[in-house]
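K.L.:
Dropping a structure here in C-alpha cells format, bear with me for questions.
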Amino acid sequence: MEKYSIALLPGDGIGVDVVREGRKVLETISNIHGGYSFSFTEFDWSCEYYAKHGKMMPDDGLEILKNFDSIFLGAVGYPGVPDHVSLWGLLLPIRRQFEQYINLRPVKLLKGIQSPLAGKTSKDLDFIVIRENNEGEYSSIGGRMYEGTDMDMAIQNSVFTRKGVERVLRYAFNVAQKQGKRGHVTAATKSNGINHTMPFWDEYVEKISHEYPGISHDTVHIDALAAFFVSKPETMDVVVASNLFGDILTDLGAAIVGGLGIAPSANINPEKKYPSMFEPVHGSAPDIAGKGIANPLASIWCTSMMLDHLGQPESAKAIIDAMEDVLQEKEVLTPDLGGHSTTEQVGDYICEKLRARLG
Ligand code: NAI
Ligand code: MG
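When the count follows the working numbering, it moves up by one through the sequence shown with no breaks and lands on 374 for the last residue.
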C-alpha cells in the first residue's frame, strides 16, 4: 500500500479553514480507495508565527519539508505583516529551493458555475496556464539608491536563463502532447517592448517547438493575449508564460471561470526530486476570516491536483466530479457562490458525494 506523507501549512486566516476541509477530502477518498493512505504533519508557520519568532518558518524549515511527498498550503498574510515578508519568508523559498519551476493553473469552467463571460460554457473554457515559477521578472537582483532625496531610484532586473526557459517550455509542449485538446501551445511574449529577455524567450520557443513536430504553437503579445482570454478563450489549449506574465494571466484565468473561491494552483517539481506544493490561489481573506464561510472548493480542487501528481488520476477525477455534483445541485454552497452554507458543510457534502459515487 502506497503511503503519502503530506506537510500541512494552513497559514493564516481562512487558510486554516480550507486546509481542514481539503485534508478531510484526502482522508475520505483514500479510505474509499483503500489502495493508498496519507499521513499528515501540521506546521504553524504563518504570519502569526512571524509575530512571535521574527521569521515565517524555523531556520531548518526547508530541511524539514524536504522529506515530505507533498506540501498542502492554505494562505499566508495578516494585516500588519507586509506582504513581501510572508512571500519572501515562506512561499518563495519553498518554490525556489524545491525547484518548483512549474506553476500550474487550470482555467476550466466546472459544470454548475456561470462564467462572467456571456455565452461561454464549459466547452469554451477548458485550458491550462503554465507559469514559470522560479526566475524571470521576480528576481531579487537590483537595489534602491538615494532614498529620501530627489534622486530616489530603484532597479529590479529580470533573470531569464537557458535552463529555466527551456524546462518550462518543454513542460508546456509535453502537456500539449499528452493532455492537450488541440495540441497547441500559446506562448506569452512582449518582444516589441522588452527587447532583451523576450526575444530570448521567443527564440527558445522556436527551438523547443522543433522537438515537438506534432504540436502547433504561436507567440502572442501579453496585452493581446489578455484580451483573447476574454474574447476567444475557446482557442486556448496550453498557455505558457514567464513568471510575471503568468501571474497576471492566471488571475484573469481564475476570474473567467468563477473566481477566487474555486481557483487552485500547483507548484510542481516535475522531476519529483523535491516535494511539490499545492495551494489555492486566494489569500488569507482577513475580511471573512473566523466566520466559517470561506469557500473550501479551491483547496479541495488542489487535493485533486495533488492526487494527479502523486499518481492517482482516478481519485483526482472523482474529486472534480464530486465538485461538479455539488455545484450543479446548488444546495450546499458558500455565500461567495450565492449559497448559505458554511465551509465545513461544503467539505462534508463533497465527502458525501465521493462516498455516493465511489463507496
Ligand atoms: P484574498 O484572496 O485573501 O481576498 C480577496 C477577496 O476574495 C476578499 O474579499 C475575500 O473575502 C474573497 N475570498 C478569497 N478567498 C475566498 C474564499 N475561499 N471564499 C470566499 N471568499 C474568498 O486577497 P487579499 O485580500 O488581497 O489578501 C489578503 C491577504 O492574503 C494579504 O495579506 C495577502 O498578502 C495574502 N495573500 C496570500 C496569498 C498566498 O498565501 N498565496 C495569495 C494572495 C494573497
Ligand atoms: Mg497572483
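Glycine residues also receive a C-beta, built at the ideal position from the N, C-alpha and C atoms.
Just so you know, these numbers come straight off a predicted model, no measurement behind them.
1) Does the stretch 21-34 come into contact with the stretch 51-68, if we say contact requires no fewer than three beta-carbon pairs (one atom in each stretch) closer than 8 angstroms?
2) Compute the Euclidean distance between the alpha carbons of R301 and G276, then round it to the nearest angstrom.
3) Any idea if M168 is buried or exposed, counting beta-carbon neighbours within 10 angstroms, 16 or more meaning buried?
4) Measure how close the beta-carbons of F6 and F175 come, nearest whole angstrom, since I'm counting them as under 8 angstroms.
5) Check whether the stretch 250-267 touches the stretch 190-201, counting contact only when three or more Cβ pairs, one atom from each stretch, lie closer than 8 angstroms.
6) Mapping the DSSP letters down to three states, classify Q171 as helix, strand or coil.
7) Under 8 angstroms, with one C-beta from each stretch per pair, do the stretch 100-108 and the stretch 314-321 reach the 3-pair mark?
8) Beta-carbon within less than 6 angstroms of S206's beta-carbon, same chain only, minus the 5 sequence neighbours each way: which residues are those?
9) Could you tell me whether the Cβ atoms of L312 and M338 are closer together than 8 angstroms?
10) Quick one, are the C-beta atoms of I365 and I117 less than 8 angstroms apart?
11) Given that a residue counts as buried once 16 or more other Cβ atoms are within 10 Å of its Cβ, and exposed if not, what is G151?
12) Kindly examine the ligand NAI and report whether one of its heavy atoms sits closer than 7 angstroms to the Cβ of N310.
13) CA-CA distance, S154 and V272?
14) Hey, out of P350, A269, L267, P94, whose CA is closest to K306's CA?
15) Take I223 as the anchor and find which of G179, I44, V347 has the nearest alpha-carbon.
16) Measure the Cβ-Cβ separation of V96 and G30 and say whether it is below 8 angstroms.
17) For a test of the three-state rule: what should DSSP assign to V96, helix, strand or coil?
18) Looking at K39: is its Cβ nearer than 8 angstroms to the Cβ of G362?
19) Go ahead and pull the three-state DSSP assignment for M320.
20) Sorted by chain position, which residues of the same chain lie with C-beta nearer than 8 angstroms to P13's C-beta, five sequence neighbours on each side aside?
21) Taking the straight line between their C-alpha atoms, what separation do you get for H68 and T136?
22) Who are the near neighbours of G50 in its chain, counting only those whose CB is closer than 6 angstroms to its CB and skipping five residues on each side?
23) Figure out for me which residue from D139, G261, L77 has the closest Cα to the Cα of V183.
24) Say the cut is 7 angstroms; is the CB of L325 nearer than that to a heavy atom of the ligand NAI?
25) I'd like the list of long-range same chain contacts for V235, defined as Cβ closer than 8 angstroms, with 5 residues on each side in sequence excluded.
26) Could you tell me which residues DSSP pairs with L24 in its beta bridges?
27) At a cut-off of 7 angstroms, is E181 close to the ligand COA when judged by its beta-carbon and the heavy atoms of the ligand?
28) Could you tell me whether any non-hydrogen atom of the ligand NAI is closer than 7 angstroms to the CB of D418?
29) Is the beta carbon of R146 less than 8 angstroms from the beta carbon of T265?
30) Could you spell out where the alpha helix (DSSP H) holding F215 opens and where it closes?
31) Buried or exposed: which applies to M321, given that a residue is buried once 16 or more other Cβ atoms fall within 10 Å of its Cβ?
32) With DSSP collapsed to three states, give me the class of M166.
33) Quick check: Q115 and N148, are their CB atoms within less than 8 angstroms of each other?
34) Quick one: is the Cβ of V431 within less than 7 angstroms of any heavy atom of the ligand NAI?
35) Taking the beta carbon of R120 as the centre, do at least 16 other beta carbons fall within 10 Å, making it buried, or is it exposed?
P.N.:
Considering the structure as presented:
1) yes
2) It is Pro, not Arg, that sits at residue 301 in the sequence shown. In a straight line, the C-alpha of P301 is about 14 angstroms away from that of G276.
3) exposed
4) As displayed, the chain neither begins before 16 nor continues past 374, which places residue 6 out of reach and without an answer.
5) yes
6) strand
7) no
8) M213, P214, D217
9) yes
10) no
11) buried
12) yes
13) 30 angstroms
14) P350
15) G179
16) no
17) coil
18) yes
19) helix
20) Summary: the structure shown does not reach residue 13, with the chain confined to residues 16 through 374, and so no result is reported for it.
21) 48 angstroms
22) none
23) G261
24) no
25) T201, A202, A203, T204, F243
26) L88
27) With respect to the ligand COA, the structure offers nothing, as its ligand set consists of the ligand NAI and the ligand MG.
28) A question about residue 418 goes unanswered here, because the residues of the chain that appear run from 16 up to 374.
29) yes
30) 212-224
31) buried
32) coil
33) yes
34) No answer is possible for residue 431: it lies beyond the span of the chain, which begins at 16 and ends at 374.
35) buried
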